[in-house]
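Chemist: Residue numbers (the working numbering): 1 to 472.
For each residue, glycine too, the CB sits at the ideal point set by N, CA and C.
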Ligand SMILES: Cc1cc2nc3c(=O)[nH]c(=O)nc-3n(C[C@H](O)[C@H](O)[C@H](O)COP(=O)(O)OP(=O)(O)OC[C@H]3O[C@@H](n4cnc5c(N)ncnc54)[C@H](O)[C@@H]3O)c2cc1C
């Protein structure tokens, strides 16, 4: 039996480094070790938070004075069938491990996040989406079954056929309804390791949303970047990137492009500057003036030189833009960064996002990075997706303005609720619980609570995020 020991105490942070808490860190390597930790937690009355790669921006995988059950040591691919593209993984297997294992056989994860570091357990617990949410749905849509360890029910396998209610609530249930100890996923067939991509500029938010919407059925991947600094007629101007997989007869050398070692992102910028040093070079620009200039330059380059450009890019290079500069988040130290991602139905999106950008400008806290995506609804109980668009906004946390920033997030969220929108817990840290709860209208939270009472009646599984967002 493992005993909660002082030497296990670590400070665990959210990915954005703006929030953290001390907890007892355990890295189990097997089911038996997880059960031991659960028994210990139960007998000592200390709750548990599950943790994958720790890529959630805020407080999803932290719990003050709790047991942090970190799955990073459970990272074995248990079974892989290159004929069907079905894979069984332990929860700590990362998106990166997965595609590097399967690409040479012609399979790619149907959903990938902007970084390849997240674990599959964490991706399912948050039901992550990619740049192809409109076409492919979420990670949960490609999950065939899960092994789930719950405090009340022990280990069980759940799927769309076997306990569908629990299956659709565990996926996207941010670790509150059990520990995912194995997942079976269906991957997507690809015939090349290359994409064909197109870049398009739009002078304002209306144009950006319209072009994103127009492209959503013609391309596998659609994503927008916006410059959150200018106002007036330039409010929400930005660039769009569309991409599709190359077909078998389009790639002259698929064997090479499907080789995972040929997908590696370059280690140096312009072939000279080691990328590991880049975040230090970003630091002097990580303020309102510097970021205004960078966003301006990016828009000018995209609209004057690259508008309409069509080019080929490796799958990894197109998909994992946020991995280009290792540790770029450190440029935001000492305060770190937060992100707020809201999802708004099509008809209201332009109005709500314009208002959000205006609020940021009025408060003098512009977003340093704004990303737009197109989404479709899905069957998962606490889904964040709607038939609409999402806007993800990054903000630096500046000492002395923290309360103001948190108050601004409330102000950004209010019109989202009024418009029938939703929020994404993986990116959140500052959303007031009452606004999160107000975004559900059909008893979803009551159903979730009933399931919680069934599988975890003593509330052993907790997180700082769940304490903030859910009613107890
Ligand atoms: C740079 C960057 C880009 C991103 N881009 C995207 C994107 O494009 N799309 C998107 O949807 N998200 C994106 N994210 C968010 C990220 O994909 C999610 O936060 C994801 O959940 C992270 O997985 P993780 O393994 O790090 O999980 P963690 O952050 O460690 O945990 C996430 C949640 O899962 C729970 N959990 C973890 N493992 C288990 C388990 N085995 N069983 C039960 N519960 C578990 C935790 O308790 C927590 O609630 C991005 C994040 C970063 C940092």
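Where are the beta strand (DSSP E) runs, 3 residues long or more, that stay fully inside the region 132-174, in chain order?
Modeler: Listed in chain order, they are 143-150, 154-159.
Chemist: Under the three-state reduction of DSSP, which class applies to residue 15: helix, strand or coil?
Modeler: Looking up residue 15 in the chain shown gives position 15. It is coil, neither helix nor strand.
Chemist: With a threshold of 6 Å on Cβ separation, who are the neighbours of residue 411 within its own chain once the five nearest residues in sequence on each side are excluded?
Modeler: Position 411 of the chain shown, counting from 1, holds the residue named residue 411. Within the same chain, residue 411 has close Cβ partners 359.
Chemist: Sorted by chain position, which residues of the same chain lie with C-beta nearer than 8 Å to residue 35's C-beta, five sequence neighbours on each side aside?
Modeler: Residue mapping note: residue 35 aligns to position 35 of the chain shown, counting from 1. 149, listed in sequence order.
Chemist: At which residues does the beta strand (DSSP E) containing residue 383 begin and terminate?
Modeler: For the purposes of this step, residue 383 is taken as residue 383 along the chain shown, with counting starting at 1. From DSSP, residue 383 is part of no beta strand (DSSP E); its letter is neither H nor E.
Chemist: Pick out whichever of 49, 231, 166, 279 has its Cα sitting closest to the Cα of residue 362.
Modeler: Position 362 of the chain shown, counted from the start, is the residue given in the question as residue 362. Here the closest residue by C-alpha is 231.
Chemist: Tell me whether residue 413 is buried or exposed, calling it buried when 16 or more other Cβ atoms sit within 10 Å of its Cβ.
Modeler: In the chain shown, residue 413 corresponds to position 413, counting from 1. When all chains shown are included, residue 413 counts as buried.
Chemist: One question on the structure: do residue 134 and residue 216 come within less than 8 Å of each other, judged by their Cβ atoms?
Modeler: Locating residue 134 in the chain shown gives position 134, counting from the first residue. Locating residue 216 in the chain shown gives position 216, counting from the first residue. Cβ distance < 8 Å, so residue 134 and residue 216 count as in contact.
Chemist: Residue range of the alpha helix (DSSP H) that residue 242 falls in?
Modeler: By 1-based counting over the chain shown, the position of residue 242 is 242. No alpha helix (DSSP H) contains residue 242, which is instead part of the beta strand (DSSP E) from 238-245.
Chemist: Touching or not, the region 335-343 and the region 119-139, by the rule of three or more beta carbon pairs under 8 Å?
Modeler: Contact fails: fewer than three Cβ-Cβ distances are below 8 Å.
Chemist: Identify, in the order they occur along the chain, each residue of the same chain with its Cβ nearer than 8 Å to the Cβ of residue 355, setting aside the five sequence neighbours on each side.
Modeler: Start at 1 with the first residue of the chain shown, and residue 355 comes out as number 355. Result list for residue 355: 415, in chain order.
Chemist: Just to confirm my understanding: we take residue 1, look at its own chain, exclude 5 residues before and 5 after, and list those with CB closer than 6 Å. What are they?
Modeler: In the chain shown, residue 1 corresponds to position 1, counting from 1. With a pLDDT of only 46 at residue 1, under the threshold of 50, the placement of this residue in the model should not be trusted, and no figure is reported.
Chemist: I'd like to know whether the C-beta atoms of residue 225 and residue 205 end up nearer to each other than 8 Å.
Modeler: Reading the chain shown from its first residue, position 225 is the one you call residue 225. Reading the chain shown from its first residue, position 205 is the one you call residue 205. Not in contact: residue 225 and residue 205 (Cβ atoms no closer than 8 Å).
Chemist: Below 7 Å, is the gap between the Cβ of residue 174 and the nearest heavy atom of ligand 1?
Modeler: Against the chain shown, residue 174 aligns to sequence position 174. At least one heavy atom of ligand 1 is nearer than 7 Å to the Cβ of residue 174, so yes.
Chemist: Return yes when the C-beta of residue 154 is under 7 Å from any heavy atom of ligand 1, and no when it is not.
Modeler: Residue numbering aside, residue 154 sits at position 154 when the chain shown is read from its first letter. The answer is no for residue 154.
Chemist: Let me check you understand the geometry: is the CB of residue 184 closer than 7 Å to at least one non-hydrogen atom of ligand 1?
Modeler: Taking the chain shown and counting its residues from 1, the one referred to as residue 184 is at position 184. The answer is no for residue 184.
Chemist: Do residue 211 and residue 200 have their CB atoms nearer than 8 Å?
Modeler: By one-based count along the chain shown, residue 211 stands at place 211. By one-based count along the chain shown, residue 200 stands at place 200. Yes.
Chemist: So, under 8 Å CB-CB, residue 221 and residue 131 are touching, yes? Tell me the CB distance rounded to an integer number of Å.
Modeler: Working through the chain shown from its first residue, we reach residue 221 at position 221. Working through the chain shown from its first residue, we reach residue 131 at position 131. Yes, residue 221 and residue 131 are in contact; Cβ-Cβ is about 4 Å, under 8 Å.
Chemist: Can you find the residues in the same chain that come closer than 8 Å, C-beta to C-beta, to residue 314, ignoring five residues on each side of it along the sequence?
Modeler: Your numbering for residue 314 matches position 314 in the chain shown. Here the set comprises 193, 194, 195, 257, 262, 263.
Chemist: Return yes when at least one heavy atom of ligand 1 lies under 7 Å from the C-beta of residue 360, else no.
Modeler: The sequence position of residue 360 within the chain shown is 360, counting from 1. Incorrect: residue 360 has no Cβ contact closer than 7 Å to ligand 1.
Chemist: If you follow the alpha helix (DSSP H) that residue 38 is part of, which residue opens it and which one closes it?
Modeler: One-based indexing of the chain shown puts residue 38 at position 38. Residues 31-44.
Chemist: State yes or no: is the C-beta of residue 91 within less than 8 Å of the C-beta of residue 181?
Modeler: Residue mapping note: residue 91 aligns to position 91 of the chain shown, counting from 1. Residue mapping note: residue 181 aligns to position 181 of the chain shown, counting from 1. Cβ atoms of residue 91 and residue 181: closer than 8 Å.
Chemist: From what residue to what residue does the alpha helix (DSSP H) around residue 415 run?
Modeler: In the chain shown, the residue the question calls residue 415 occupies position 415. Unbroken alpha helix (DSSP H) run through residue 415: 402-418.
Chemist: In the DSSP output, which residue or residues are listed as bridge partners for residue 375?
Modeler: As a working note, residue 375 is residue 375 in the chain shown. In the DSSP output, where bridge partners are listed per residue, residue 375 has 388.
Chemist: Is the CB-CB distance between residue 460 and residue 8 below 8 Å?
Modeler: One-based indexing of the chain shown puts residue 460 at position 460. One-based indexing of the chain shown puts residue 8 at position 8. No, the Cβ-Cβ distance between residue 460 and residue 8 is not below 8 Å.
Chemist: Considering just the uninterrupted stretch of the alpha helix (DSSP H) at residue 434, what are its terminal residues?
Modeler: Stepping through the chain shown from its first residue, residue 434 is reached at position 434. That run of the alpha helix (DSSP H) goes 433-438.
Chemist: Between the region 122-130 and the region 371-386, can you find at least three pairs of beta-carbon atoms closer than 8 Å?
Modeler: Contact holds: three or more Cβ-Cβ distances are below 8 Å.
Chemist: Grab me the residues of residue 160's own chain with a C-beta within less than 7 Å of its C-beta, minus the 5 sequence neighbours each way, in chain order.
Modeler: Counting from one through the chain shown, the residue named residue 160 turns up at place 160. These residues qualify, in order along the chain: 167.
Chemist: Does the distance from the C-beta atom of residue 63 to that of residue 125 stay below 8 Å?
Modeler: Taking the first residue of the chain shown as 1, we reach residue 63 at position 63. Taking the first residue of the chain shown as 1, we reach residue 125 at position 125. No. Outside cutoff.
Chemist: Consider the C-beta atom of residue 367 and the heavy atoms of ligand 1; say whether any pair is separated by less than 7 Å.
Modeler: As a working note, residue 367 is residue 367 in the chain shown. No; taking the cut-off as 7 Å, the Cβ of residue 367 has no heavy atom of ligand 1 nearer than that.
Chemist: Does the count of Cβ pairs from the region 386-406 and the region 324-341 closer than 8 Å reach three?
Modeler: Verdict: yes, contact present.
Chemist: In the DSSP assignment, find the unbroken alpha helix (DSSP H) run with residue 315 in it and report its ends.
Modeler: Residue mapping note: residue 315 aligns to position 315 of the chain shown, counting from 1. First-last of the alpha helix (DSSP H) with residue 315: 315-319.
Chemist: Given 8 Å as the limit, is there contact between the region 326-340 and the region 275-288, that is, 3 or more CB pairs closer than that?
Modeler: The region 326-340 is in contact with the region 275-288.
Chemist: Does the Cβ of residue 179 lie closer than 7 Å to at least one heavy atom of ligand 1?
Modeler: Your numbering for residue 179 matches position 179 in the chain shown. Yes, Cβ of residue 179 sits closer than 7 Å to a heavy atom of ligand 1.
Chemist: If you draw a straight line from the alpha carbon of residue 172 to that of residue 436, how long is it in whole angstroms?
Modeler: Residue 172 sits at position 172 when you count from the first residue of the chain shown. Residue 436 sits at position 436 when you count from the first residue of the chain shown. Spanning the two alpha carbons is a distance of roughly 14 Å.
Chemist: Do residue 40 and residue 69 count as a contact pair if the criterion is CB distance below 8 Å?
Modeler: Counting from 1 along the chain shown, the entry for residue 69 is found at position 69. Counting from 1 along the chain shown, the entry for residue 40 is found at position 40. Contact: no.
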